[in-house]
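Before any comments, here is the structure.
Numbering (the numbering used here), first residue to last: 1 to 630.
Following this line, the structure appears as structure tokens:
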């Protein structure tokens, strides 16, 4: 072995420097270059080796090591070349070059083997793209997690799991929130079960036990009492997780369903109230889906036909067959027409009940349009209006009888007016003739008798005229027309001109509006009020009558104020009643019908009338009249 080493390290050869004739300008650059190359070749393998060692996830690490060995031997070769310039160890140089060649060949063979796989490696640009895609996916995943958490919080849904081996119970934040506990507090199975309402605690305990012992899942709705002592309805879901046939943990969901439960209770109460209302109103509701040809009838709908819900199938055919034969064609035609034109419909027809009793119903269908994919359906109600129809029929008969009675009464009033006034005219005429022809033969008492009879006849005539006017007001209201109240007041003043002059009355009013009504009745209304203002004046006080008005929306409000004797408050309602007099005929003449006529006129114009008065100082009559025909 020593002989071999001596042989390898023999330097009896000519140094390599002789080839350069020991020219310094040649030797120095070569030496410096080889030494720098040697140092670099020594540094590169060390860095590659450390890189491979620190990157455990690096693929093809052996290639990096092969390159490190190749570069290392290349560096040794450059170092030996420097030595050989002065000491010719050419055999050492040969061995180094041989080793370098073998390592190079091994590296080449390795590269050939790994070349196809290396081609499949992504480029830097592609890696950057993949990296960006991973970042984007991570952002999306983060957003999805946030959305998931927000959704879980919004629907008050949390999750839990129980480690069977350690008996550790985990709650998500939402579960803590539902229990109204501080998040992260220690909780175990026993304390978790104690949150359940006493009435439900045994149920959940048994379910958890069965889940642990028999791997049975559970899904229940129970009550809990939170840490803040609030009662809540919750939904608890549990499922066993097995590993190699062995239970390792229980996991599940926990949701606050209190609002849902309360709404269900409200819905049940509403449905119960609806059923009671349907029973009371004798009506039922129904739905008919076009797409699925499905029908729904409420209990009330079955009841109208005399059936219980389970006794017949709710179909359109059954509904049509229950219709009275005389009405069926009309009803079918109307319904088919409504369907063809996508319209609502409303019908009144007769049905034959199970017991063959004929009833009258009102059927109203409304088209409900959904989305294009979901189609549309009809929904409606059917109401038994038999009793109402009979009442309506009787009412119509009563109204017709009343109309006949009114016509007969009106005819009687006209006839009575003529028949009563004719004898009065004869009596008055003969008395006046007696007074003219035989006045000289009568003493004062006789003349007084005749005068009293004439005045009584005049009062009777006035009473008959007022009654005739009142009876005419009971007839149908004539069509409303625009009435200029300024012209009406002018005509009234002209009709009352003698009374106005005799009493020195003053009638004041602003520009009055145009109202809708019966012009003749308007004239009668204002004439009665103004006439009363003149008639019921205070002694030694000239009558003063003021007419004012204001806009009160759909109507005009009028106020007719006088400075007369006034009315005591206890008579405010009584004065509008027929034949109600507050004074004797000796004090104030009249029939006691005037204000009753005024009230009837205002009533006929769909308005109201009232009085305000201070006894001894005057009265104000307030009423409304229509702005338009409506």
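From the three backbone atoms N, C-alpha and C, an ideal C-beta is built for every residue, glycine too. All figures in this text were calculated on a predicted structure; none of them were measured in a lab.
Asked                                                                                                                                                                              : Found
Leaving aside the five residues before and after residue 65 along the sequence, list all residues of the same chain whose C-beta is less than 8 Å from its C-beta, in chain order. : 48, 49, 52
Just list the beta strand (DSSP E) runs in the segment 273-351, keeping only unbroken ones of 3 residues or longer that don't cross its boundaries, in chain order.                : 283-289, 294-297
Measuring straight from C-alpha to C-alpha, what distance separates residue 37 and residue 136?                                                                                    : 46 Å
Please decide whether residue 367 counts as near chain B, where near means a Cβ-Cβ distance under 8 Å.                                                                             : Protein chain content of the structure displayed is limited to a single chain, and chain B is not contained in it.
Since residue 620 contacts residue 561 with CB under 8 Å, what's their CB separation in whole angstroms?                                                                           : 4 Å
Helix, strand or coil for residue 353, going by three-state DSSP, please let me know.                                                                                              : coil
Does the Cβ-Cβ distance between residue 381 and residue 284 come in under 8 Å?                                                                                                     : yes
Looking only at its chain, what residues have a beta carbon closer than 8 Å to the beta carbon of residue 234, apart from the 5 residues adjacent to it on each side?              : 178, 221, 222, 223, 224, 254, 255, 256, 257, 258
Just verifying my parser: in three-state terms, what is the DSSP assignment at residue 187?                                                                                        : coil
So, helix, strand or coil for residue 258, using DSSP?                                                                                                                             : helix
Measure the alpha-carbon distance for residue 212 versus residue 241 and round it to whole angstroms.                                                                              : 10 Å
By alpha-carbon positions, which one of 226, 542, 626, 528 ends up nearest to residue 554?                                                                                         : 626
What does the Cβ neighbour count give for residue 311, buried or exposed, with the cut at 16 atoms within 10 Å?                                                                    : exposed
Taking three-plus beta-carbon pairs below 8 Å as touching, is the segment 194-204 in contact with the segment 154-161?                                                             : no
So what does DSSP say about residue 400, is it helix, strand or coil?                                                                                                              : helix
Per DSSP, what kind of secondary structure is residue 177 in: helix, strand or coil?                                                                                               : helix
Shortest alpha-carbon distance to residue 598 belongs to which of 552, 537, 525?                                                                                                   : 525
Less than 8 Å separating the beta-carbons of residue 564 and residue 521?                                                                                                          : no
To the nearest angstrom, how far is it from the Cα of residue 383 to the Cα of residue 604?                                                                                        : 35 Å
Going straight from the alpha carbon of residue 78 to that of residue 107, what length do you get?                                                                                 : 20 Å
Could you spell out where the alpha helix (DSSP H) holding residue 519 opens and where it closes?                                                                                  : 519-535
Taking the straight line between their C-alpha atoms, what separation do you get for residue 251 and residue 141?                                                                  : 23 Å
Check the DSSP bridge columns for residue 647 and list the partner residues they point to.                                                                                         : Outside the displayed range of the chain (1 to 630) lies residue 647, so it cannot be described from this structure.
Going by DSSP in three states, residue 242 sits in which element: helix, strand or coil?                                                                                           : strand
Using the C-alpha atoms, what's the distance from residue 393 back to residue 294?                                                                                                 : 37 Å
Where does residue 624 sit, in a helix, a strand or coil, going by DSSP?                                                                                                           : strand
Considering residue 218, what are the terminal residues of the beta strand (DSSP E) in which it resides?                                                                           : 218-225
Can you tell me whether residue 635 is helix, strand or coil according to DSSP?                                                                                                    : Missing from the structure shown is residue 635; the chain here goes from 1 to 630 and no further.
How would you write the range of the beta strand (DSSP E) that residue 160 sits in, first residue to last?                                                                         : 157-163
For residue 303, which residues from the same chain have a beta carbon less than 7 Å from its beta carbon, with the 5 sequence-adjacent residues on both sides left out?           : 284
I need the DSSP call for residue 117, collapsed to helix, strand or coil.                                                                                                          : helix
What is the C-beta distance between residue 486 and residue 511, in whole angstroms, given that I count them as a contact (C-beta under 8 Å)?                                      : 7 Å
Work out the CA separation of residue 216 and residue 248 for me, nearest whole Å.                                                                                                 : 14 Å
Using three-state DSSP, classify residue 22 as helix, strand or coil.                                                                                                              : coil
Return the CA-CA distance between residue 56 and residue 169, expressed in angstroms with no decimal places.                                                                       : 38 Å
Using only the alpha-carbon positions, how far apart do residue 377 and residue 158 sit?                                                                                           : 39 Å
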